[in-house]
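J.: As you go down the protein sequences, you meet chains A and B in turn. Start counting the first sequence at 0; every next residue gets the next number (numbering that gives the first Met the number 0). Start counting the second sequence at 0; every next residue gets the next number (numbering that gives the first Met the number 0). Every residue, glycine too, gets a C-beta built ideally from N, C-alpha and C. Only a predicted model underlies this, so the values are computations on that prediction, with no experimental measurement involved.
2 protein chains.
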Amino acid sequence: MIEIKRSQYNPLIVSGDIRPSRRDFEIIGVFNGGVVRIGDEVLVLLRVAERPVSPHPEIVLAGVYDDKKCRIVLKEFAKDDSRNDFSDPRLITSSGQTYLTSISHFRVARSKDGVNFEIDEGISFGPGSAYETFGVEDPRISFIEGKYYISYVGVSSFGVTSCLAGTEDFSSFERLGVIFCPDNKDVVIFPERIGGKFYAIDRPSSGFSGRDEIWLAESDDLRYWGNHRYLMGVRQGYWDRLKVGAGAVPVKTPKGWLEIYHGAESQDSYCLGAVLFDLEQPWKVLARSEKPLLRPEMDYEKEGFFGEVVFTCGLLCEEGKIKIYYGAGDRSICSAEVLLQEVLADLGF
Amino acid sequence: MIEIKRSQYNPLIVSGDIRPSRRDFEIIGVFNGGVVRIGDEVLVLLRVAERPVSPHPEIVLAGVYDDKKCRIVLKEFAKDDSRNDFSDPRLITSSGQTYLTSISHFRVARSKDGVNFEIDEGISFGPGSAYETFGVEDPRISFIEGKYYISYVGVSSFGVTSCLAGTEDFSSFERLGVIFCPDNKDVVIFPERIGGKFYAIDRPSSGFSGRDEIWLAESDDLRYWGNHRYLMGVRQGYWDRLKVGAGAVPVKTPKGWLEIYHGAESQDSYCLGAVLFDLEQPWKVLARSEKPLLRPEMDYEKEGFFGEVVFTCGLLCEEGKIKIYYGAGDRSICSAEVLLQEVLADLGF
Chain A
0 MIEIKRSQYN PLIVSGDIRP SRRDFEIIGV FNGGVVRIGD EVLVLLRVAE
50 RPVSPHPEIV LAGVYDDKKC RIVLKEFAKD DSRNDFSDPR LITSSGQTYL
100 TSISHFRVAR SKDGVNFEID EGISFGPGSA YETFGVEDPR ISFIEGKYYI
150 SYVGVSSFGV TSCLAGTEDF SSFERLGVIF CPDNKDVVIF PERIGGKFYA
200 IDRPSSGFSG RDEIWLAESD DLRYWGNHRY LMGVRQGYWD RLKVGAGAVP
250 VKTPKGWLEI YHGAESQDSY CLGAVLFDLE QPWKVLARSE KPLLRPEMDY
300 EKEGFFGEVV FTCGLLCEEG KIKIYYGAGD RSICSAEVLL QEVLADLGF
Chain B
0 MIEIKRSQYN PLIVSGDIRP SRRDFEIIGV FNGGVVRIGD EVLVLLRVAE
50 RPVSPHPEIV LAGVYDDKKC RIVLKEFAKD DSRNDFSDPR LITSSGQTYL
100 TSISHFRVAR SKDGVNFEID EGISFGPGSA YETFGVEDPR ISFIEGKYYI
150 SYVGVSSFGV TSCLAGTEDF SSFERLGVIF CPDNKDVVIF PERIGGKFYA
200 IDRPSSGFSG RDEIWLAESD DLRYWGNHRY LMGVRQGYWD RLKVGAGAVP
250 VKTPKGWLEI YHGAESQDSY CLGAVLFDLE QPWKVLARSE KPLLRPEMDY
300 EKEGFFGEVV FTCGLLCEEG KIKIYYGAGD RSICSAEVLL QEVLADLGF
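And the structure:
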């Protein structure tokens, strides 16, 4: 039986640890952070979600990045206007246009022990293009050939796109554009070339198929992607029966590329499990977790801005242990540890 | 006032001109052909849609390509089964899975006069991968650096993808894979590099935005695409208010890249109009048709397998004239001619 140990210090980072980017905003959650080790520090690129505090109880405010003015502007939605739909806590639908109730940016957090974090005071990377007007979300960090590449989600009225940025120091970032058309999210880039090519896992949404499943793309240069292939789908009767999407950047193990991914059982319950891809032919799925590694069980996972969610964007694999950093309830950052050997054994390797 | 002249010989190619690929199939339409001039001939790569003839009036049959067996197999749907929905003539929805009522392949037609065509007896290019199990559709031909590239739609239970194939002779073809993830269609590739890059227009469908609009992608090699940018959208109050998508391969003119595209006013009425993109910065839209160039007006356009549709995948621009080949009512191939100068003048150039 596989044993995953949640940190006794969970949640590690909560909203109260973060100062809003503006005095008229409040933090609603800090979650889904990309993770990388740099020297003796763990760096977590946090997704910080915030929203304008509304001075009127009957008015909901949303922050939207204006790519002409290059700043966030506020939009008002009246609660008693029947054209406005607030039924999903994450969304406002108004006259057919969808907005988000929060706008996210990324902020750097650093730690020597993986428990106590120093968090940057300001925005490290925020909305900055027409494809990011509703925010940037869910960063994954791949260290490739001496540089950090961040694949992240840009949300705007154009849809949900996957974007790429590069950095060497996490203080200045180069935007490398939209790498996958809408709607597509949960992109993770393998950390090295395989047979001469770069590979990324992505998650297009098809209205035609009606499914949200995992595809594989290849590239020569990380910016341009093609040869898209269907990689793995939902499984009836399993914990990942409704949706699947990549989680952390894949880890190279002797048995294959290990990917910790998320699966949804229903619209509002997300678990984490493992999949192993062939080392040389990453389009081959070798095995998947029969049962999730991590399921929302603790109060801090079951409750939250969007409860019943454990969701990862990053992990560290060091000294035979996988330390998964995960967002809990779309509200806080937690961690859990499991032996690599146990995960592989659970997959039959 | 711009004057477009339909050919007096319309429709040029109809179902009766085509022999089905199997004796138990019938042709339901020939439409949306890619067009290229080769020497003194016009080559039209026809989209041929066919379906199995059902021996039982209460059973609907669908042909589906089985990518393991490498052949088309038949699927049965009972008309009186309440889980089956036949309300859209193009689709069968059965227990949440969507199928097509027809399966399309491509067939070469050649003509010296642009009116009388010799049509190949067999399939020139048919379903051949897991992404094409419901057929290949809507080919566009770009002649680039000495080779023909066909961007086309692959439909399968994985969704609606855009694929690429290369050929030098239209008798053997090389599959170059899925170039855009689902759902994405109406891809046309500019026929030459612009500022060192290849460009393609595509049409992702975003469930989040709820819109079907036109994007631009760039590439170094035609196989891998990135730097996706939103290019142009629907226009309220216009003939293209519901959907837009590329039509023919863009034509280089002194005033800009001229693209004949389709717009939908409603779910079941498609017109053709023009847009001009900047010659050196094709992400800049210079002008769009206020009114459509072509609107379904003739019986052969208003009626058909899916009526009220004029839709182009190819044209010739020769001697100052644009000759648009278009699918009418998802049933036949027609043509119409207009002076390039008039189209540009109508756009204000």
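State yes or no: is the beta carbon of A/F157 nearer than 7 Å to at least one beta carbon in chain B?
T.: yes
J.: By the 10 Å Cβ neighbour count, where 16 or more other Cβ atoms means buried, how is B/R50 classified, buried or exposed?
T.: buried
J.: Going along the chain, which residues of the region 170-182 of chain A sit with their C-beta nearer than 7 Å to a C-beta in chain B?
T.: G176, V177, I178, F179, C180, P181 and D182
J.: Which of helix, strand or coil does DSSP assign to B/Q340?
T.: Helix at B/Q340.
J.: Determine the direct distance from the alpha carbon of A/F348 to that of A/G176, and round the result to whole angstroms.
T.: 39 Å
J.: Provide the residue span of the alpha helix (DSSP H) that contains B/K301, from first to last.
T.: D298 to K301
J.: When DSSP labels each residue in this structure, what does B/S208 get in the three-state scheme?
T.: coil
J.: Report the rounded CA-to-CA distance for A/G299 versus A/P138, giving the unit in angstroms.
T.: Correcting the residue type first, residue 299 of chain A is Tyr in the shown sequence and not Gly. Going from the Cα of A/Y299 to the Cα of A/P138 covers about 22 Å.
J.: State the Cα-Cα distance for the pair B/L44 and B/R36, rounded to the nearest angstrom.
T.: 11 Å
J.: Interface residues of chain B around A/W224 at Cβ under 8 Å?
T.: Y223, W224 and G225
J.: So with Cβ pairs under 7 Å, would you call B/P88 a contact of chain A?
T.: no
J.: Taking A/F207 as the query, report the chain B residues whose CB atoms sit under 7 Å from its CB, ordered along the chain.
T.: T97, G158, V159, P181 and D182
J.: Under 7 Å, Cβ to Cβ, is there at least one residue of chain B near A/S204?
T.: yes
J.: May I ask you to report which of helix, strand or coil DSSP gives A/D84?
T.: A/D84 falls in the strand class under three-state DSSP.
J.: Can you tell me whether A/S141 is helix, strand or coil according to DSSP?
T.: strand
J.: What residues from chain B crowd round A/D201, counting only those whose CB sits closer than 9 Å?
T.: C180
J.: What does A/A48 touch in chain B if you count any residue whose Cβ is under 7 Å from its own?
T.: Result: empty, since nearest Cβ-Cβ is about 17 Å, beyond 7 Å.
J.: If you compare alpha carbons, which of B/L221, B/A335 and B/V159 is closest to A/P404?
T.: This structure does not reach residue 404 of chain A, given that chain A is present from 0 up to 348, and the question cannot be answered.
J.: Taking only the alpha-carbon atoms, compute the straight-line gap between A/K283 and A/N226 and give it to the nearest angstrom.
T.: Straight-line Cα distance between these residues: approximately 15 Å.
J.: How is A/D201 classed by DSSP in three states: helix, strand or coil?
T.: The three-state secondary structure of A/D201, taken from DSSP, is strand.
J.: Mind listing, in chain order, the continuous beta strand (DSSP E) runs of no fewer than 3 residues lying wholly within the region 259-299 of chain B?
T.: 268-276 and 284-287
J.: Taking only beta carbons into account, state which residues of the region 105-136 of chain B come closer than 9 Å to chain A, listed in chain order.
T.: A129 and Y130
J.: How close, in whole Å, do the beta carbons of A/L73 and A/R89 come, if the pair is a contact with beta carbons under 8 Å?
T.: Their Cβ separation, rounded to whole angstroms, is 18 Å, which puts A/L73 and A/R89 out of contact at 8 Å.
J.: Mind checking B/E236: buried by the 16 CB within 10 Å criterion, or exposed?
T.: Correcting the residue type first, residue 236 of chain B is Gly in the shown sequence and not Glu. When all chains shown are included, B/G236 counts as exposed.
J.: Please give the ranges of any beta strand (DSSP E) in the region 92-130 of chain A, keeping only runs that are unbroken, at least 3 residues long and fully inside the region.
T.: 96-99 and 102-110
J.: Can you check the region 3-50 of chain A for any beta strand (DSSP E) of at least 3 residues that lies completely inside it and give the ranges in chain order?
T.: 24-37
J.: Name the DSSP beta bridge partners of A/Y147, please?
T.: A/F142 and A/T166
J.: My output table needs one value for A/D185: the three-state DSSP class, helix, strand or coil.
T.: strand
J.: In this structure, does DSSP put A/D65 in helix, strand or coil?
T.: strand
J.: Taking Cβ to Cβ, would you say A/I200 is nearer than 7 Å to A/V243?
T.: no
J.: For chain B, find out if any of its Cβ atoms is closer than 7 Å to the Cβ of A/Y148; answer yes or no.
T.: So no, A/Y148 is outside the interface.
J.: Quick one: which chain B residues come within Cβ less than 7 Å of A/S218?
T.: Y223
J.: Out of A/Q266, A/S141 and A/P181, point me to the one whose CA is closest to A/F157's CA.
T.: A/P181
J.: Would you say A/Y299 reaches chain B, if we count a Cβ-Cβ gap shorter than 7 Å as a contact?
T.: no
J.: How would you call B/Y8, buried or exposed, if buried means at least 16 neighbouring beta carbons within 10 angstroms?
T.: exposed
J.: Could you name the residues of the same chain whose beta carbon sits closer than 6 Å to that of B/A263, not counting the 5 residues immediately before and after it, in chain order?
T.: L241, K242 and Y269
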